[in-house]
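Trainee: Take this structure first; my questions come after.
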Amino acid sequence: MTRPHKLLRYAMGLLLWCISYAMAVDTIRVVTYNILNFPDGLGISWLPHLRTVINYVQPDILVCQELCSAYGVNLLLDSVLNCGTDEFTAVPFHDGPSTDNGLFYRSCKVSFDSAHYIQTSIRDIAEYFLHTMSDDEFRILSVHLKSSSDDWSINERRREAQILRQHLNSCAPGSYFLVVGDFNIYYSDEPAFHVLTDSTDNNNGRLYDPINAYGYWHNNSQFAHLHTQSTRVAPLEDGGAGGGLDDRFDMILCSKSLLDTMRLVLLVNTYTTVGNDGAHLNQSINYGTNLSVPSYVADALYYASDHLPVYVDIEIYHTVVVHLL
19 MTRPHKLLRY AMGLLLWCIS YAMAVDTIRV VTYNILNFPD GLGISWLPHL RTVINYVQPD
79 ILVCQELCSA YGVNLLLDSV LNCGTDEFTA VPFHDGPSTD NGLFYRSCKV SFDSAHYIQT
139 SIRDIAEYFL HTMSDDEFRI LSVHLKSSSD DWSINERRRE AQILRQHLNS CAPGSYFLVV
199 GDFNIYYSDE PAFHVLTDST DNNNGRLYDP INAYGYWHNN SQFAHLHTQS TRVAPLEDGG
259 AGGGLDDRFD MILCSKSLLD TMRLVLLVNT YTTVGNDGAH LNQSINYGTN LSVPSYVADA
319 LYYASDHLPV YVDIEIYHTV VVHLL
C-alpha cells in the first residue's frame, strides 16, 4: 500500500525541479528621422519641438540623417532623448563628407557592437551592427541619397544604390537588416529603387518595401498618407524646404528574413509616417485639423524639421527558462 504513495512523492519531487521553456516576446521600435542640419539649422531653439516629437513617438532605436557634428549628437542625446532619463546611448559621431548619420538606442532593449561606413561620391552610408537581448544580430543601415529630380541626380542615386546593394549582397543568407533614411526617390520605378529591390542572381542583399507601396509617389494623392516631405508650405528660417507634403523620401526597407522568419519579425501593420493623416497633400502638417496626432505634436513636427519621422515595430521572439516550483 505504500508503494503508490512513494511513487507519487517521487513524481512531485521531480515536478518541483522541472524546467519548462516558454517563448517570450519583446518589441523594438525603430524610427528614422531627417532632422535638418542639426544643430546648425537653428537646432538649439528647435530642441523643445524635437523633444515633443520624440516623447510622442517613443523610439527604442532612433536613426537620424543630417547630423552635423559630435556636439549635435551630444545635444540630441542629453537634451532630447535623455531629458529626465538615462536610458539612451549614442553611437560615436562619424564625420564624413556633407552631413552625417547618427544612431541612438535604448540600452535595455539592444546592445551596440560596431559601426561601418560605406563611401559614396555624395555621403557615407552608415552600417550599425546591433544585438537583441536574446543575442540575435541585426544591422541597420542609414542612407541619405542624392537629392533633386534632374537626370544627373537620378543617376547619382542609382550609383549610390549599386554600392549599397553590392555591399548587402555580401551578407550571409538569412541576415536581418533594415535600410532606413532619406532616399530622395520620387517613384518606385526609379533606377535606384530597382537596384535595391529587384531580384538578381544574388538576392542576399535584396530589399523589400514592407508595405508594398509601389507606384508614382510624387504629388500623388494615392500615396498622400506616406509622404514625409515637406512639413511646411513656406520655408522657415531653418533653411528647410517648403512646398507641403508631396514626396515619400523617407522610408524603411528590410531584408526578406524580417518578413518570413519566426524570430525577428517586422510588424508590417505598424509602419507609420508620424503625423500624416493622408489629408495634407501639398499642405503644412499642422494646417487645420490633423486627424493623426494631437495639434501640439503637429506643430512640433512642423517646426522640428522639413521631414516627418517614420517608424516600424519589430517583435523579438526568444526562449526563456521557467522553473516550476
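For what it's worth, the numbering used here labels the leading residue of the sequence shown as 19, then goes sequentially.
The beta carbon of each residue, even a glycine, is placed where N, CA and C say it ideally should be.
Keep in mind that this is a model prediction, so the values were computed, not measured.
Does the beta-carbon distance from histidine 185 to glutamate 155 come in below 9 Å?
Mentor: no
Trainee: Could you tell me the alpha carbon to alpha carbon distance between proline 115 and threonine 150, rounded to whole angstroms?
Mentor: 31 Å
Trainee: Kindly identify the DSSP beta-bridge partner or partners of glutamine 83.
Mentor: Answer by DSSP bridge pairing, in chain order: Asn52.
Trainee: Where threonine 290 and valine 330 are concerned, what is the direct C-alpha to C-alpha distance, given to the nearest angstrom?
Mentor: 6 Å
Trainee: Are leucine 159 and glutamate 174 closer than 9 Å when you measure CB to CB?
Mentor: no
Trainee: So, for glycine 261: in the same chain, excluding its five sequence neighbours on each side, which residues have a beta-carbon less than 6 Å away from its beta-carbon?
Mentor: Ser248
Trainee: Spell out the partners DSSP gives alanine 144 in its beta bridges.
Mentor: Tyr135 and Ser160
Trainee: How would you label asparagine 294, buried or exposed, when you count the other beta carbons within 10 angstroms and need 16 or more for buried?
Mentor: buried
Trainee: Just to confirm the assignment, what range does the alpha helix (DSSP H) spanning valine 91 have?
Mentor: 88-94
Trainee: I need the boundaries of the alpha helix (DSSP H) containing arginine 177, first residue and last residue.
Mentor: 169-187
Trainee: Can you check which of these residues, Ile46, Val71, Ile140 and Ser275, is closest to alanine 318 by C-alpha distance?
Mentor: Val71
Trainee: Within the continuous alpha helix (DSSP H) that includes isoleucine 72, where are the two ends?
Mentor: 65-75
Trainee: Quick check: the stretch 295-307 against the stretch 266-284, are there 3 or more CB pairs under 8 Å?
Mentor: no
Trainee: If I'm right that serine 323 touches isoleucine 53 with Cβ under 8 Å, what's the distance once you round it to whole angstroms?
Mentor: 5 Å
Trainee: Is tyrosine 39 helix, strand or coil by DSSP?
Mentor: Confidence in tyrosine 39 is poor, its pLDDT being 46 and thus under 50, which makes the residue's placement unreliable; the coordinate value appears in the next sentence. In this structure, tyrosine 39 counts as strand in the three-state DSSP scheme.
Trainee: DSSP beta-bridge partners for serine 345?
Mentor: No statement about residue 345 is possible, as the shown extent of the chain runs from 19 to 343 and does not include it.
Trainee: Would you decide whether tyrosine 39 is buried or exposed? Buried here means 16 or more other CB atoms lie within 10 Å of its CB.
Mentor: Here tyrosine 39 scores only 46 on pLDDT, less than 50, and its place in the model should not be relied on; the value that follows carries that caveat. The residue is exposed, with fewer than 16 neighbouring Cβ atoms inside 10 Å.
Trainee: Look up threonine 103 in the DSSP assignment and say whether it is helix, strand or coil.
Mentor: coil
Trainee: For glutamine 247, write down the residues that DSSP places opposite it in a beta bridge.
Mentor: DSSP, once it has assigned bridges, lists Asp265 and His325 as partnering glutamine 247.
Trainee: Looking at the secondary structure, which residues open and close the alpha helix (DSSP H) in which threonine 215 lies?
Mentor: 209-215
Trainee: Please go through the same chain and pick out, in chain order, the residues whose beta-carbon is closer than 7 Å to the beta-carbon of glutamate 105, but skip the five residues on each side of it.
Mentor: The beta carbon of glutamate 105 sits closer than 7 Å to those of Arg124, Ser125 and Cys126, all from its chain and outside the five residues before and after it, given in chain order.
Trainee: Relative to the alpha-carbon of aspartate 265, which residue among Arg141, Asp169, Glu84 and Val251 has its alpha-carbon at the smallest distance?
Mentor: Val251
Trainee: Inspect the beta-carbon positions of serine 239 and leucine 299 and report whether they are closer than 9 Å.
Mentor: yes
Trainee: Compare the Cα-Cα distances from isoleucine 140 to each of Gly120, Asp169 and Glu178 and report the closest residue.
Mentor: Glu178
Trainee: Helix or strand or just coil, what does DSSP make of tyrosine 314?
Mentor: helix
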